[in-house]
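Before any comments, here is the structure.
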Amino acid sequence: EHPWLVHAPTMRVPLIIDGTDAVYNATRAALLVIFQHNKSVAEYKKIKSVVFPAMGAGCGQVPPESVARQMRLAWDSFSNPPKAINWQYASARQNAVFSTTAYCPSKTLCPNARTEYIGSGDYRTYCKKSGGVCISPRPQSDIRIGAHAHGVEIGAHGHPLHTECSHAHSLV
1 EHPWLVHAPT
11 MRVPLIIDGT
21 DAVYNATRAA
31 LLVIFQHNKS
41 VAEYKKIKSV
51 VFPAMGAGCG
61 QVPPESVARQ
71 MRLAWDSFSN
81 PPKAINWQYA
91 SARQNAVFST
101 TAYCPSKTLC
111 PNARTEYIGS
121 GDYRTYCKKS
131 GGVCISPRPQ
141 SDIRIGAHAH
151 GVEIGAHGHP
161 LHTECSHAHS
171 LV
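In terms of the UniProt record's numbering, the sequence shown opens at residue 1 and continues consecutively.
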């Protein structure tokens, strides 16, 4: 028996999604779909183990630390839901999700971007606010949207991190 693999969209069209709550929303939505599935099937058909890819880390260019934090927040929200959602809870959750990012959406270069020489002719841009690696000091409107395709194949699963927006997923 093959394990289950989540394949959920984190964006409507290919674009950089760091600085958004897309990873959180896609993760939480996938968990809710699994929950609904399990409510409607016999015990032997229930999903008890599932693999999540690093959602948004490929074409979406969300840094791994941000992916992990948003996916964890979605899991925590799903596994320990609030009894009631009030403004205080909603604001705290919003702040928690959006504090996971190092992307600075501004009209020009981000005022919080700091580029440093890291050796061997390489430079890295950091966010002075969060301390994280800034994936792009440009506003999102400057980002080129590329081709994006998904396919499902039976066989060995490989999921390398792609830097271009053209990639495919496969199921085991």
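Ideal Cβ positions, reconstructed from N, Cα and C, are used throughout, including at glycine.
Ala26 is the residue among Trp4, Ala26 and Pro3 whose C-alpha sits nearest the C-alpha of Met11. Residue environment for Val67: buried (at least 16 other C-beta atoms within 10 angstroms of its C-beta). The straight-line gap separating the alpha-carbon atoms of Tyr89 and Ser77 is approximately 11 Å. Of the residues assessed, Leu32 falls on the exposed side of the cut-off, its CB having fewer than 16 other CB atoms within 10 angstroms. Uninterrupted alpha helix (DSSP H) stretches at least 4 residues long and entirely within the region 20-85 occur at 22-39 and 64-79, given in chain order. Excluding five sequence positions before and after Arg28, the CB atoms of its chain that fall closer than 8 Å to its own CB belong to Ala74, Ser77 and Phe78, given in chain order. Across the structure, His37 and Lys46 are spaced so that their CA atoms are roughly 7 Å apart.
The continuous alpha helix (DSSP H) containing Arg93 extends over residues Trp87 to Phe98. Within the DSSP bridge table, the entry for Ala113 names Cys127 as partners.
With a beta-carbon spacing of about 4 Å, Trp4 and Val50 fall inside the 8 Å limit used to define contacts.
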